[in-house]
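Structure, as structure tokens:
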Amino acid sequence: MTKNILLLGATLLLLILWLTAPFTKRMDLFFYDSWMMLNKTPVSNQVVVIGIDDQSLSYLGRWPWSRTVHAELIDRLTEAKVRAVGIDIIFSEPESEQADRRLAKAIQDNGRVVLALAPERLGMSRSMQELLPIPVLAIAAQRLGHVDVGLDPDGLARTLYQFGGLGEPRWPSFSLALAYLTAENVISDIGYNIERQDQGTGWVRKNPMLIPYWGGSGHFKHYAYIDVLQGRVGIKQLKDKTVLIGATAVGMGDILSTPVQRMSGVEFNANIIESLIQQKQIKATSDNEALGFNLLLAGVFAVLIIFLPPRFYTVVALFGLVLPVALSYLMFVGQSNWFAPTNALFLQGMVLLALGGWRYQNSLKQVAVLHKQVYQETHFDNLTQLPNQKMLQQEITQRMEKAQQQSGHLALLVIQLGGIKNVNDRLGLEAGDQVLLKVAQQLQKAVVFQHPVARLGGAEFAVLLNPIKSEQEVHHMASRITPLLQQAYRVGEDAFYLTPSIGVSVFPGDGEDAPALLNNAYTAMHKAKEDKKCDLYFFSEQLKDQIVQASELERDLRNALASNQLDVYYQPQVVTESGEIIGMEALLRWIHPERGFISPADFIPIAEKTGLIIEIGNWVLYQACAQVAQWREERQQDIRIAVNVSAIQFGEGDLVQHVIDTLQKTGLPSNQLELEITESALINDMEATRDTLLQLRRLGVQIAIDDFGTGYSSLSYLQNFSLDRIKIDQSFVRDLTENSETAEITQAIISMAHGLKLKVIAEGVETVDQRYFLASQGCEELQGYYFSRPLPANEVETLLITPVLGLKKQPCG
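My numbering puts the first residue of the sequence shown at 938, with every later residue one more than the last.
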């Protein structure tokens, strides 16, 4: 039987491994990318990129340019005595005989020019054709090279095929052809030892090569096409350099996703040429070598598991799983050899499962016993053996579903017994437990064992009545329970009397799920406990009061804007080092004529729920921009104004148009306006968000992420969206000097933001120690009560007279 089980287990494991082949491939790609990022090497100065960039397009006009322009550029490069030139442009169509001959002559005069060719799909079929330069240019070029790139399953480019062609791999790769003209002893046979690869298209590939990326976009020296053409860049910068010419402008040319980052085709080829010139290609281990490593690692792992004592099993297991990864990294860094570790990890796992199988078999019986004990302990009260709160919630959920199907009702009674503490104090906890056991028996007697009874903890019990037809049934049951619980409880010669307080919540009116129903019953029970005249309290009365209060606040909020109850306060934002005021945050305040100051935390959620936030938000935006524009005109001083935009205002209102109208009406320059947007607003609709942010950035408006760190904090959205700064939430700043974990998180946020070229502002700064900590981490701007509380506009004007805050205070210690 045991052998059959082991055989079945091995078969299933092999099947799983086969089915997860795509997963293992992606895991290997993950490790490869990680090693690549950890093994960056400085580039030489031999490779230069001449980019067809936005600057050149603005001067020379729309693409394509005349080939006489390209000819003039080649002449410039010839004069600069460059080592070789690679043109990552496919001249597959004739322009004019004169222009084509002019370019051909320039290429021939240089004598060291490589032109690009590429495979091209024929219509909707899988067949391919070769997209070649026109004959006159192909003949003039020293070499031709293909720009075909191999993509892995995740869409990233890690592999280059050194030779390719239609039917026969006769063309070297573009970078290899250029390297032949640049360096001696170019290695061109390093790869996976795969001779050919034909994907059924007719295009044949040969000699794959792993690409060692030296850096991403901008890592190599770049010069603008127009600067070389007009002589601003010449022999001083270009002599003896290998020059690559290609598109780097936004939206132009092919963009490749790589393990480093997305980059243009010309930058991609620069990485390859650099590796070929320096002869630092990455060699992949052969299948036989990989098998040898896998078996060696598994053997070492098995020996450790067998001969080391059982107490080291966990440590050995971790070591065995880390070992393949460590070996892969060391081979990559030390020898530029790529050993894919995922299969080794699977093999280590098989060894671990096989040798650990007998322990699992021996523990199954113990687990079954423990499972029964754990279930009993986690679902039932140890003292009374009644269901506990967890079990009760499961029962409530099941009965709710049944009640919904039958349009029925159920009632939950939470009962707290006053007087147990007196028993514990006089006779001890054991006596109190005896009383609680009798209480459980009395409750079961009261419901005639027909309704679930549970102990919630301490002296708190619950009864679930289902079904009920009217409130009178609840009163009737409470009238049975209360007298039974009020009877004398005898412990030895002593008699004790308990006082029950009962709270009731009814489904479906008082809660849509078990936790809500239980919480509301608790609330009612506490009300009953406070009321000395009534020991039974229904939750519905309090709920109605809360609804009325919320309704009144909503009604008053609708009138607040029209009756000038709302006002905008301003809190300064300062330069961390100097304390100079560079901006203000606009903060909404509501001064109610009867209730006085109402916290934004109370009325903003209501404004968002009712949609009033759009009207109020637009009003705040206009008031803030108008006020700052006035200060700017009076004082000839630029002050950035930060205005909060709610998720609803950002997603539903016509935000961009309103910003345009506001800036026109107030005369405030767009670069003086900053919109603070929460993380949740950004991720509601990624495409719409990206479009809105781009429109705002085109206007010149700055964008900040508000309360950063309290929401999603995803690196991906920071990369995807066009932003200026992030604002660290005050919850992090508050604990900076007290909590090392909070300090480390704040350091990480600042470092990540700076890595993405974003500025950082921290809000809630209240102490000098917080200020100096943030300054030491490179946080550029600060805001908080340390500098100034939020002020009305007339008091802000006093601050602006001497706009430097917080200079006289020094840090503690």
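The beta-carbon is built from N, C-alpha and C at its ideal position, and this holds for glycine as well.
Next on the checklist: Quick check on the DSSP output: what are the complete beta strand (DSSP E) runs of length 3 or more inside the stretch 1473–1529, in order along the chain?
Outcome noted: The DSSP assignment places 1473–1475, 1503–1512 and 1518–1529 as complete runs of the beta strand (DSSP E) inside the stretch 1473–1529, in order along the chain (cut-off: 3 residues).
Next on the checklist: To the nearest angstrom, how far is the alpha carbon of residue 1310 from that of residue 1318?
Outcome noted: Rounded to the nearest angstrom, the two C-alpha atoms are 12 Å apart.
Item to check | N- and C-terminal bounds of the alpha helix (DSSP H) containing residue 1531 | outcome: No alpha helix (DSSP H) contains residue 1531, which DSSP labels as neither H nor E.
Checklist entry - Is there contact here, the stretch 1400–1411 with the stretch 1335–1345, by at least three beta-carbon pairs under 8 Å? => result Contact holds: three or more Cβ-Cβ distances are below 8 Å.
Checklist entry - Within 10 angstroms of its Cβ, does residue 967 collect 16 or more other Cβ (buried), or is it exposed? => result Exposed is the call here.
Item to check | Beta-carbon proximity check, residue 1437 vs residue 1357, cutoff 8 Å | outcome: No, the Cβ-Cβ distance between residue 1437 and residue 1357 is not below 8 Å.
Next on the checklist: Rounded to whole angstroms, what is the Cα-Cα separation between residue 1131 and residue 965?
Outcome noted: Any reading at residue 1131 must be qualified, since the residue scores a pLDDT of 43, below 50, and its modelled position is unreliable; the value itself is stated next. Rounded to whole angstroms, the separation of the alpha carbons of residue 965 and residue 1131 is 19 Å.
Checklist entry - Are residue 1727 and residue 1524 touching if we call contact CB-CB under 8 Å? => result Yes. Within cutoff.
Checklist entry - Where does residue 1353 fall in DSSP's three states? => result Secondary structure of residue 1353 (DSSP, three-state): strand.
Next on the checklist: Assuming the contact rule is C-beta atoms closer than 8 Å, residue 1195 and residue 1150 should be a hit. Round their C-beta distance to whole Å, please.
Outcome noted: So it is a contact: roughly 6 Å between Cβ atoms.
Checklist entry - With 16 as the cutoff for other CB atoms within 10 Å, does residue 1570 come out buried or exposed? => result Per the 10 Å Cβ criterion, exposed.
Checklist entry - How would you call residue 1414, buried or exposed, if buried means at least 16 neighbouring beta carbons within 10 angstroms? => result By the neighbour-count rule (16 or more Cβ atoms within 10 Å), residue 1414 is buried.
Next on the checklist: In whole angstroms, give me the CA-to-CA distance for residue 1187 and residue 1055.
Outcome noted: Distance between the alpha carbons of residue 1187 and residue 1055: 22 Å.
Checklist entry - Taking C-beta to C-beta, are residue 1715 and residue 1671 nearer than 8 Å? => result Taking a C-beta distance under 8 Å as the contact criterion, residue 1715 and residue 1671 do not qualify as a contact pair.
Checklist entry - DSSP beta-bridge partners for residue 1426? => result BP columns for residue 1426 point to 1433.
Checklist entry - Curious, which full-length alpha helix (DSSP H) runs of at least 4 residues does the stretch 1156–1235 contain? => result The stretch 1156–1235 is shown to contain whole alpha helix (DSSP H) runs of 4 or more residues at 1162–1166, 1172–1175 and 1202–1215, in chain order.
Checklist entry - How many angstroms separate the CA atom of residue 1316 from the CA atom of residue 1455? => result So the alpha carbons of these two residues sit roughly 16 Å apart.
Item to check | Three-way DSSP call (helix, strand, coil) for residue 1704 in this model | outcome: The answer is coil: DSSP assigns residue 1704 none of H, G, I, E or B.
Checklist entry - Using the C-alpha atoms, what's the distance from residue 1577 back to residue 1737? => result Residue 1577 has its alpha-carbon roughly 13 Å from the corresponding atom of residue 1737.
Next on the checklist: Just to confirm my understanding: we take residue 1209, look at its own chain, exclude 5 residues before and 5 after, and list those with CB closer than 7 Å. What are they?
Outcome noted: So the qualifying residues of the chain are 1097, 1112 and 1148.
Next on the checklist: Rounding to the nearest angstrom, what Cα-Cα distance links residue 1255 and residue 1375 in this structure?
Outcome noted: Put simply, the backbone Cα of residue 1255 is about 53 Å away from that of residue 1375.
Item to check | For residue 1067 and residue 991, the rounded distance between their alpha carbons | outcome: Residue 1067 has its alpha-carbon roughly 30 Å from the corresponding atom of residue 991.
Item to check | Residue of 1385, 1616 and 1725 minimising C-alpha distance to residue 1511 | outcome: Residue 1725 is the option with its Cα nearest to residue 1511.
Checklist entry - By a C-beta neighbour count over all protein chains shown, 10 Å radius and 16 as the cutoff for buried, is residue 1126 buried or exposed? => result Here the model assigns residue 1126 a pLDDT of 47, short of 50, so the residue's position is not dependable, and the following value carries that caveat. Residue 1126 comes out exposed.
Checklist entry - Any chance the stretch 1170–1179 sits against the stretch 973–992, with 3 or more Cβ pairs inside 8 Å? => result Yes: at least three Cβ pairs fall under 8 Å.
Next on the checklist: Classify residue 1722: buried if its beta carbon has 16 or more other beta carbons within 10 angstroms, exposed otherwise.
Outcome noted: Exposed, because fewer than 16 other Cβ atoms sit within 10 Å of the Cβ of residue 1722.
Checklist entry - Hey, how far is the Cα of residue 1361 from the Cα of residue 1547? => result Near 52 Å, if we compare the C-alpha coordinates of residue 1547 and residue 1361.
Checklist entry - For residue 1133, is the classification buried or exposed, using 16 other Cβ atoms within 10 angstroms of its Cβ as the cut-off for buried? => result Only weak support exists for where residue 1133 lies, its pLDDT of 49 falling under 50; the value from the coordinates is given anyway. Result: exposed.
Item to check | Nearest-angstrom beta carbon gap, residue 1203 and residue 1025 [assumed within contact, 8 Å] | outcome: With a beta-carbon spacing of about 5 Å, residue 1025 and residue 1203 fall inside the 8 Å limit used to define contacts.
Checklist entry - Can you find a CB in chain B that lies within less than 8 Å of the CB of residue 1220? => result Absent from the structure: chain B. Only one protein chain is present.
Item to check | Within the stretch 1570–1614, ranges of the alpha helix (DSSP H) (whole runs, at least 4 residues) | outcome: Segments of the alpha helix (DSSP H) lying fully in the stretch 1570–1614: 1584–1589 and 1592–1603.
Checklist entry - Is residue 1385 helix, strand or coil when you go by DSSP? => result Residue 1385 falls in the coil class under three-state DSSP.
Checklist entry - Between residue 1513 and residue 1673, is the Cβ-Cβ spacing less than 8 Å? => result Using a Cβ distance threshold of 8 Å, residue 1513 and residue 1673 do not count as a contacting pair.
Next on the checklist: What residue range does the beta strand (DSSP E) around residue 1096 cover?
Outcome noted: Per DSSP, the continuous beta strand (DSSP E) segment holding residue 1096 begins and ends at 1094–1103.
Item to check | First and last residue of the uninterrupted beta strand (DSSP E) at residue 1698 | outcome: In the DSSP annotation of this structure, the continuous segment of the beta strand (DSSP E) that includes residue 1698 starts and ends at 1696–1699.
Next on the checklist: For the pair the stretch 1625–1634 and the stretch 1674–1690, tell me if three or more CB-CB distances fall below 8 Å.
Outcome noted: Contact between the stretch 1625–1634 and the stretch 1674–1690 is absent, because fewer than three Cβ pairs lie under 8 Å.
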